[in-house]
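Here the structure is laid out as structure tokens; the discussion comes afterwards.
Protein chains: 2
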Amino acid sequence: MISVDRTDLAFQLFDALPTASLAALPRFADYDRTAMEEVLDTAERIAMDHFLPHAAALDLDEPRFENGKVAMDPRVGQALAAYREAGFFGAGFDQEWGGAQMPETLRSAASFIFSMANVSTAAYPFLTVGAAHLIAAFGSDDQKERFLKPMIEGRFFGTMCLSEPQAGSSLSDITTKAEPDKDSYLLHGQKMWISGGDQEISENIIHLVLARLPDSPPGVKGISLFIVPKYLLRKDGKRGKRNGVELAGLNHKMGYRGTTNAALNLGEKTPCRGYLVGEANRGLTYMFHMMNEARIGVGLGAAALGAAGYRASLVYARDRPQGRHPGHKDASSAQVPIIEHADVRRLLLAQKAAVEGALALLLYTAFLVDATKAAPNAETRHETELLLDLLTPIAKSWPSEFCLEANKHAIQVLGGYGYTRDYPVERLYRDNRLNAIHEGTHGIQGLDLLGRKVMQDNGAGIKTLATRIMADVTQAHAFENLAAHAEDLAAHLGEAVATTGKLAGRAASAPESGLANATLYLDMMGHVVVAWMWLRQALTASRKLRTDGANTDFLEGKLAACRYFFAYELPKARTQRALLDSLDDTTLTMKPEWF
Amino acid sequence: MISVDRTDLAFQLFDALPTASLAALPRFADYDRTAMEEVLDTAERIAMDHFLPHAAALDLDEPRFENGKVAMDPRVGQALAAYREAGFFGAGFDQEWGGAQMPETLRSAASFIFSMANVSTAAYPFLTVGAAHLIAAFGSDDQKERFLKPMIEGRFFGTMCLSEPQAGSSLSDITTKAEPDKDSYLLHGQKMWISGGDQEISENIIHLVLARLPDSPPGVKGISLFIVPKYLLRKDGKRGKRNGVELAGLNHKMGYRGTTNAALNLGEKTPCRGYLVGEANRGLTYMFHMMNEARIGVGLGAAALGAAGYRASLVYARDRPQGRHPGHKDASSAQVPIIEHADVRRLLLAQKAAVEGALALLLYTAFLVDATKAAPNAETRHETELLLDLLTPIAKSWPSEFCLEANKHAIQVLGGYGYTRDYPVERLYRDNRLNAIHEGTHGIQGLDLLGRKVMQDNGAGIKTLATRIMADVTQAHAFENLAAHAEDLAAHLGEAVATTGKLAGRAASAPESGLANATLYLDMMGHVVVAWMWLRQALTASRKLRTDGANTDFLEGKLAACRYFFAYELPKARTQRALLDSLDDTTLTMKPEWF
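Chains as they are written, first to last, in UniProt numbering: chain A, 1 to 595; chain B, 1 to 595.
Here you go:
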């Protein structure tokens, strides 16, 4: 039931965004549109042939902790071998280190395809790439040679070891220690919630671990970053002795069940050696540099899960006969396919609006990553980076929240069949519930957006966002069918900027009050930004309808989904702003003992 | 982590509702307040001692289909034995047939407790009671003697067999046949999604089956209701031969995993004998008479799951230290319990508002059931019944939708721990996802409300609702802290009545257009009704704060949750009404091929 909508991917990549133009940059010279389509063909083939077939079985038969090791379905390793052979582990990395130097926009589209097919199996390379990027950005040449290269080759996998049992959202409270020993460090502590934290698929696992050096300052300024391999490397780079990072147990989750999630002990029984990355006490800064990428990746996974559910429920809605139209109750007439029912269409439109809106946002942010590389000067690059920073918490959170809602609707379309384990939609819903917690909870993203990102550089990010939205609004006014949407979006933007100013001002003088409803602010801004993404898609569709006779149904669908979003979803942002503007203090004045 | 909030139950039953006054009726003379509290004590003791301990294990080790039979955790049967011995199977039935003649309001409160502890195990008596009520209402004296009595004793369990593989929401399309044979009927067909459809716990299973007689008219007017026992009864009422209703397989679900959900074959291998209940061709009317009760029961289960998650996440939020207040970032200071964070309080308040608002509505509807029995005359009874009819789809759907949202928030409070299977909150979330589909989907409830209930008797139900809401609004104006809420609710009510008139008028002339957004209408009306429930609770709390020095924290919590609902939730109803009033046709004009 799950299939990739390549028409939509092509529309989003090549019509709504100028992805093909990236080939003009020397870095991306290998990637003309034909080459890009071939990458997507390869991704789709591997995803459908190797990732999708074991997705349901892996969910039922999750990895097990046996004799201190992880046992799992061998098809995970087989799928990742196909992924490795096609070169996807190194897709985004520099050719200098063995990478394929693929544009991030294209790499994101490929990741979307793999996650649609099997998000649990796709998580292993996702984590590996995140860890590898940290080494690429901050590691020494020797570290790159020994650790990064085999990760790019897909021989070593990677993890990000941030959380500890007592320190999840509050990273300033981590206590893992690193003591200098010879030319490296010995680590002691416990790490928790480590996705991909152990497995027997890859030759080695490279953990990127946050820990404290002796006498480091308390809080976030005393955290350093270490490379901790599962197996130490010999001088020749070959796998050597087992390092003292031990699997303490697996967490059993409601979703992403095929991705191991581990508690790890460092240096408990045998010494655990680590290598400092970059400078001491800068670990959290490094980690956050790469956290943007991880957060956008989580949003992409959430959108992919939403898309998988949407496609599955669409197939079902076209095939399943049930009931008749209101006012046509002749029981001897044939039943109609449920896609004929207004409420089923609403459930499908809601999914389409969420999923394709989220994908548009994620590809837009990925394009910003590429655009920083293409920036003609430092000023443009800085502006692009600020916009990317601003959009990151939204790109992580909006899909995690609203594509989960889409997955809920997919179950509803299937009725009783939807909640059985014979169909994929309940699994997708379970998988997606993790994404509002993974890599920084929804609440943390709200604080990041309102407490940090909108304040950066005197609100330069918001100004850039507003300028870009208004440019598209102006374009949309040229199309009769979009003029009302354009006006609507402009009004919402103006109000959202005013609310931002009010809350940011309040947060500066009274942080608890200003930030009390930061999560709702995040949702509100998300709706405005996704409305913009829909206006952009509708604008692109309207242009193509004028100039092009092809794909008319598809383009009309884009216009209808845009109408849906503006009629059913965007007005919610105004309701939220009224609450935000009121500086409501219900959550602050509520006393713990009143619950 | 799961415990019953008896303070809230007592407040809801005895302060917000005049439940204790029911003892003045001869029928309920045994139930003064002390007796009622004793019933709740017994329910709580059995629920905590026998239902809760196996809830998590039953979810992991769901019933299995082995050699044509169902195998399951023996603790389900043990728990239900304790339930039976305490007389809960017959709680609501007439003493004439061995019942305890308990008021429905009290019985609902007890059911809420059992469902909080273990919704899967509680489902077996829930289904039994529903089936027994059908026999009590429409069966012959002989059928009552042979089938109803042992159900009231808890020796025989019951099921409701409506759906078939090709007929779920569209019951007019069922095809199971019943052929006259001697003094009874032989049935042939397949039934699907039968909760409790088979098990080895009870002596016998009494299936209430919808089927068609030969030459019956097509559609809903040709459906009859049959008693189909798993084991035929001998003349002396003892269990006789196996009847030809066979377990074809179990459906494996995402939630309610401990409740078997079966596909049944009738008369496939051996004859399947059934007994007509009441008159031929009136089966669906009978079934719908009892469907109200089943739907309110589903809402009660949804509220109970929400409450269980709320209580669990509240315990966690009080205990878990993490992070510091905004503006107090000294990393050497101790972390605060997460209940100190505004966003965590929001997640808790959202749960409290949904769960206690839903419970208030469900107890209110249960009280209406009792009130029909207490009505001084036919006119009052009819008015009460119309209000009950009107509120039923809301009482089913609002908790199913918004207590699921509450369960989502409970996971969020626990962060990564929340999505592991070591804590109950992910299970509660999975369980609750079924309730928007069970016993008529969310969409079906919307059509029932807007297409049928609001039209009944020229809108008499809505008029009664408005009168009752305005009576409480008038009372609330006497309290300074509630005057703004009272005014707000009166305005929402006026607008909701206007929207109702507009949509009902449209539905009369153009059903597809008028009913296109019936589901949103349902959600909108639900928010107005639950706001009323919160005003009633706040009114009660304000009165008690004036007159009573006890439980001040609890009562302040009620006022805060009321403020939360009016500030964060109720405004959404206005946004929805704007859409409804616009008669938006996006879902109608969207063509299937555009998806």
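Cβ coordinates follow ideal geometry from the N, Cα and C atoms, glycine included.
In this text, all values refer to a predicted model and were calculated from it rather than measured experimentally.
query: For the segment 93 to 135 of chain B, which segments carrying the alpha helix (DSSP H) assignment without a break, of at least 4 residues, lie completely within its bounds, in sequence order?; result: 104 to 117
query: Secondary structure at K69(A), three-state DSSP: helix, strand or coil?; result: strand
query: Looking at the C-beta of G255(A), does it have a partner C-beta in chain B at a distance below 8 Å?; result: yes
query: At least one CB of chain A closer than 8 Å to the CB of A516(B): is that the case?; result: yes
query: So with CB distances below 8 Å, who are the chain A contacts of N377(B)?; result: None at all; the shortest Cβ gap to chain A is about 36 Å.
query: Please report the distance separating the alpha-carbon of R346(A) from that of A578(A).; result: 27 Å
query: Is the segment 367 to 377 of chain A in contact with the segment 314 to 322 of chain A, if contact means three or more CB pairs nearer than 8 Å?; result: no
query: Going by DSSP, what residue range makes up the beta strand (DSSP E) through M160(A)?; result: F156 to C161
query: Answer yes if the segment 442 to 451 of chain A comes into contact with the segment 465 to 472 of chain A, meaning at least three C-beta pairs across the two stretches below 8 Å, and no otherwise.; result: no
query: What does the alpha-carbon distance come out to for the pair F288(A) and H133(A)?; result: 12 Å
query: Please list, in chain order, all residues of the same chain as S3(B) whose beta carbon is under 7 Å from its beta carbon, the five residues on each side excluded.; result: R311
query: Please determine, among D422(A), A354(A), N261(A) and A478(A), the residue with the shortest C-alpha to C-alpha distance to S120(A).; result: N261(A)
query: Could you name the residues of chain B that K352(A) contacts, counting a contact when the two beta carbons are closer than 9 Å?; result: F595
query: F88(A) to H438(A), Cα distance in whole Å?; result: 23 Å
query: Does the contact criterion of 3 or more C-beta pairs under 8 Å hold for the segment 175 to 193 of chain B versus the segment 39 to 56 of chain B?; result: no
query: Under the three-state reduction of DSSP, which class applies to T344(A): helix, strand or coil?; result: For the sequence presented, residue 344(A) should be read as Val rather than Thr. Here V344(A) sits in helix by DSSP.
query: Taking 7 Å as the limit between beta carbons, can you name the residues of its chain near A71(A), skipping five residues before and five after?; result: P63 and R64
query: Any Cβ of chain A within less than 8 Å of the Cβ of R430(B)?; result: yes
query: Taking all protein chains shown into account, decide if N204(A) is buried (16 or more other Cβ within 10 angstroms of its Cβ) or exposed.; result: buried
query: At the 8 Å Cβ level, is A578(B) part of the contact set with chain C, yes or no?; result: This model lacks chain C altogether, as its protein chains are A and B.
query: Would you mind working out which of G514(A), F479(A), P125(A) and G557(A) sits nearest G327(B), comparing C-alpha positions?; result: G514(A)
query: Please list, in chain order, the chain A residues whose beta carbon lies closer than 9 Å to that of L426(B).; result: What sits at residue 426(B) in the sequence shown is Glu, not Leu. What E426(B) touches in chain A: K253, M254, G255, R430 and R433.
query: Along the segment 326 to 338 of chain B, where does the CB come closer than 8 Å to a CB of chain A? Name the residues.; result: P326, G327, K329, D330, A331, S332, Q335 and P337
query: Taking CB distances under 8 Å as the criterion, tell me whether A584(A) reaches chain B.; result: Reading the sequence as shown, one finds Asp at residue 584(A) and not Ala. So, interface residue.
query: Can you name, in chain order, every residue of its own chain whose Cβ lies under 7 Å from the Cβ of D8(B), other than the five neighbours on each side?; result: E356
query: Use the C-beta contact count for L388(B): other C-beta atoms within 10 angstroms, 16 or more gives buried, fewer gives exposed.; result: buried
query: Quick one: measure Cβ to Cβ for L570(A) and A538(A), integer angstroms, because I've assumed they're closer than 8 Å.; result: About 13 Å separates the two Cβ atoms, so there is no contact after all.
query: Figure out for me which residue from A510(A), L535(A) and A490(A) has the closest Cα to the Cα of L583(A).; result: A510(A)
query: Assign E38(A) to one of two classes, buried (16 or more other C-beta atoms within 10 Å of its C-beta) or exposed (fewer than that).; result: exposed
query: Would you mind working out which of Q101(B), G416(B) and G196(B) sits nearest M160(B), comparing C-alpha positions?; result: G196(B)
query: Closer than 8 Å, CB to CB, is G249(A) near chain B or not?; result: no
query: List the endpoints of the continuous alpha helix (DSSP H) containing I411(A).; result: A378 to L414
query: Of the choices E145(A), A79(A), E379(A) and D343(A), whose alpha-carbon is the least far from that of T587(B)?; result: D343(A)
query: For F226(B), which beta-bridge partners are listed by DSSP?; result: V209(B) and L276(B)
query: Mind reading off the beta-carbon distance from M491(A) to H485(A)? Whole number of angstroms is fine, and I expect it under 8 Å.; result: It should be pointed out that residue 491(A) corresponds to Ala in this sequence rather than to Met. A491(A) to H485(A), Cβ: 11 Å. No contact.
query: Does A91(A) come out as helix, strand or coil in the three-state DSSP assignment?; result: coil
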